[in-house]
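With numbering that gives the first Met the number 0 applied, the sequence shown closes on residue 184, and no number is skipped along the way.
What follows is one structure encoded as structure tokens, with my remarks underneath.
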Amino acid sequence: MADDSFPNWHGTTIIGVRKGGKVVIAGDGQVSVGQTVMKGTARKVRRLSPGGNDVICGFAGSTADAFTLLERLEKKLEATPGQLARASVDLAKDWRTDKYLQKLEAMLIVSDGTDLFVITGAGDVLEPEHDVTAIGSGGNYALAAGRALMDQDLDAEDIARRAMAIAADICVYTNGNLTVETIAP
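The following block contains the structure:
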């Protein structure tokens, strides 16, 4: 029987945008419990440098679960340097089949400046069709805004920042306190 006495944790919007030879991942800083903002300055976008190869990552979901997945991804990247697609697929396979990892509740957006992927616990490694992807509570708002902005004369960072501002105006679980990481191949 589930314990319904503990309120649901909400909050996170992460967007990834690929345009003009670079990739930007941006994330807000809000973590909410029920109707209360517990923290407004969480850092949900990180840079990994396994074996000297830079990869940027954003995560939505449980922080401890996300850090477990980021550590696993870093190990996969160390084993297959410069092969983000292979490391991502290997992580997704492990996540889907390992009894411990199956319980982790998070999603990741990752990029090495060339590839851009969403990795899920369902075993998915998804590359966005339109060079924009988003996850989290306000992910659909950020995704719609980002896709609408792609044909404007804006670079990847401007699109990510504007899309996140739109999501923050709509989603009560998203704020405007951003962490932004940029990478180019």
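Note that the Cβ used here is the ideal one computed from N, Cα and C, for glycine as well.
- No Cβ-Cβ contact shorter than 8 Å links ILE118 with GLY57.
- Going by DSSP, GLY145 is part of the alpha helix (DSSP H) stretching over 138-148.
- Secondary structure of GLU180 (DSSP, three-state): strand.
- Between ASP53 and GLY175, the C-beta spacing is not below 8 Å.
- Annotation for CYS170: THR12, SER136, GLY137 and TYR140 place their beta carbon closer than 8 Å to its own, counting only its chain and skipping 5 residues before and after.
- If one requires a minimum length of 3 residues, the beta strand (DSSP E) runs lying completely within the stretch 102-132 are 105-110 and 115-118, in chain order.
- Within the DSSP bridge table, the entry for CYS56 names ARG45 and VAL109 as partners.
- Rounded to whole angstroms, the separation of the alpha carbons of LYS18 and LYS98 is 38 Å.
- Pairwise C-beta distances place the stretch 176-183 in contact with the stretch 33-52, as three or more of them are shorter than 8 Å.
- Under the DSSP assignment, SER31 falls in the beta strand (DSSP E) whose first and last residues are 30-32.
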